[in-house]
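Asker: Residue numbers (the UniProt record's numbering): 1 to 254. Below you will find the structure I want to go over with you.
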C-alpha cells in the first residue's frame with residue numbers, strides 16, 4: 001500500500017540533534033523509515049532550521065501540498081516565541097492557514113503541544129515566565145487546530161522523558177538521537193491506533209554518533225555560539241523589558 005508523508009516545521013523536524021554521516025536524520029525521517037516496514041512510503045521533509053510559522057506558510061506549505069500527503073506533520077512555533085517581533089495574531093493565522101490547507105488536501109495532521117523550554121534551559125524565573133506565556137499562546141493555537149481539524153498530537157509537557165537530560169542534545173533546545181527516537185516512536189504509536197500500523201522505531205540510540213565532549217565543544221564553536229549571538233541581539237531588548245516587568249509584578253504582589 002502506498003503512503004505519502006510530508007513533514008513541515010523547523011530544526012527539530014529537520015533533524016538537528018540527531019547527526020548521521022553526511023547530515024542530520026531526526027524524528028520525521030525515523031518515522032518515515034518505520035512506516036516503510038508496512039507501506040511503500042514517499043516522504044517529503046521540507047522543514048528548515050530556524051523556520052517560523054510565517055516561513056512555513058510562505059516557503060514550505062505549497063511544496064508539501066504538491067506532494068499530496070496522506071499524513072502531514074506541522075510542528076513549528078518555538079522560534080516565533082524567541083523573537084522580538086513576536087506577533088501572536090500572525091502566528092495563529094499562519095498556523096491555522098497551514099492546518100486548514102493540509103487537512104483540506106486530505107492529510108491526517110500530526111501536531112504537538114510544547115513544554116516549558118525555559119525550565120529545560122535553566123532560565124531564571126524573570127525570563128522563564130514570559131517565555132512560558134508565549135509558548136502557552138502557541139499551544140492554545142494547536143488546541144484550536146486539534147479541535148477544528150482533528151488529527152494526532154503529542155503533548156510534550158506530559159512526557160517524563162522531556163525532563164531527562166539524555167532526551168536533549170548539547171544545546172538543550174533540540175532532541176538528542178534518543179529524543180528524536182522517542183518522538184518518532186510516539187507518533188508511530190498514535191498512527192497505529194488510527195489504523196496506520198508499522199514496526200515502531202527502536203528506542204535504543206544505536207545510530208548516529210555517540211555524544212562526547214569533543215563533539216559538544218565542536219558544536220558550540222561552529223553552531224551554538226553563533227546561534228546564541230544572533231538570538232541575543234534579537235532578544236536582549238525584549239529580555240530586559242520582560243525581566244523589569246516581572247520584577248515590578250513581584251513587588252506589587254509583595
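Cβ coordinates follow ideal geometry from the N, Cα and C atoms, glycine included. What you are looking at is a predicted structure, and each value in this text was computed from that prediction instead of being measured.
Would you identify the three-state DSSP class for residue 198, choosing helix, strand or coil?
Answerer: Numbered from 1 along the chain shown, position 198 holds the residue referred to as residue 198. Coil, per DSSP.
Asker: What alpha helix (DSSP H) runs, 4 residues minimum, are completely inside the segment 81-165?
Answerer: Entirely contained in the segment 81-165, the alpha helix (DSSP H) runs reaching 4 residues are, in chain order, 88-104, 117-121 and 125-149.
Asker: Can you tell me the Cα-Cα spacing of residue 17 and residue 187, whole angstroms?
Answerer: Walking along the chain shown from the start, residue 17 turns up at place 17. Walking along the chain shown from the start, residue 187 turns up at place 187. Those two C-alpha atoms are separated by around 18 Å.
Asker: Per DSSP, which residues does residue 2 bridge with? Please list them.
Answerer: For the purposes of this step, residue 2 is identified with residue 2 of the chain shown, where counting begins at 1. DSSP, once it has assigned bridges, lists 40 as partnering residue 2.
Asker: Output the boundary residues of the beta strand (DSSP E) element that contains residue 72.
Answerer: If you number the chain shown from 1, residue 72 lands on position 72. Note, residue 72: beta strand (DSSP E), 71-75.
Asker: Mind checking residue 12: buried by the 16 CB within 10 Å criterion, or exposed?
Answerer: Stepping through the chain shown from its first residue, residue 12 is reached at position 12. With 16 or more Cβ atoms within 10 Å of its Cβ, residue 12 is classed as buried.
Asker: Looking only at DSSP bridge pairs, what is residue 7 linked to?
Answerer: Numbered from its first residue, the chain shown carries residue 7 at position 7. According to DSSP, which records beta bridges pairwise, residue 7 is partnered with 45 and 73.
Asker: Please state whether DSSP places residue 56 in a helix, a strand or coil.
Answerer: Residue numbering aside, residue 56 sits at position 56 when the chain shown is read from its first letter. Note: residue 56 maps to helix in three-state DSSP.
Asker: Could you check whether residue 6 and residue 69 sit closer than 9 Å to each other, using their CB atoms as the reference points?
Answerer: Position 69 of the chain shown, counting from 1, holds the residue named residue 69. Position 6 of the chain shown, counting from 1, holds the residue named residue 6. Against a cut-off of 9 Å, the Cβ pair of residue 6 and residue 69 comes out as a contact.
Asker: Would residue 112 and residue 171 be called neighbours here (beta carbons separated by less than 9 Å)?
Answerer: For the purposes of this step, residue 112 is taken as the residue at position 112 of the chain shown. For the purposes of this step, residue 171 is taken as the residue at position 171 of the chain shown. Taking 9 Å as the Cβ cut-off, residue 112 and residue 171 do not qualify as a contacting pair.
Asker: If we ignore side chains and look at the alpha-carbon of each, how far apart do residue 28 and residue 114 end up?
Answerer: Indexing the chain shown from 1 puts residue 28 at position 28. Indexing the chain shown from 1 puts residue 114 at position 114. Cα to Cα, the separation comes out at about 17 Å.
Asker: What is the DSSP secondary structure of residue 204, reduced to helix, strand or coil?
Answerer: The residue you call residue 204 lines up with position 204 of the chain shown. The answer is coil: DSSP assigns residue 204 none of H, G, I, E or B.
Asker: Can you give me the start and stop residues for the alpha helix (DSSP H) that residue 180 sits inside?
Answerer: Along the chain shown, one-based indexing puts residue 180 at 180. Its alpha helix (DSSP H) spans residues 177-193.
Asker: What are the boundary residues of the alpha helix (DSSP H) that residue 33 is part of?
Answerer: Numbered from 1 along the chain shown, position 33 holds the residue referred to as residue 33. Run containing residue 33: 27-35, per the alpha helix (DSSP H) assignment.
Asker: Are there 16 or more other CB atoms within 10 angstroms of the CB of residue 142, so buried, or fewer, so exposed?
Answerer: On the chain shown, position 142 is the one that residue 142 refers to. The residue in question, residue 142, is buried, as its Cβ has 16 or more Cβ neighbours within 10 Å.
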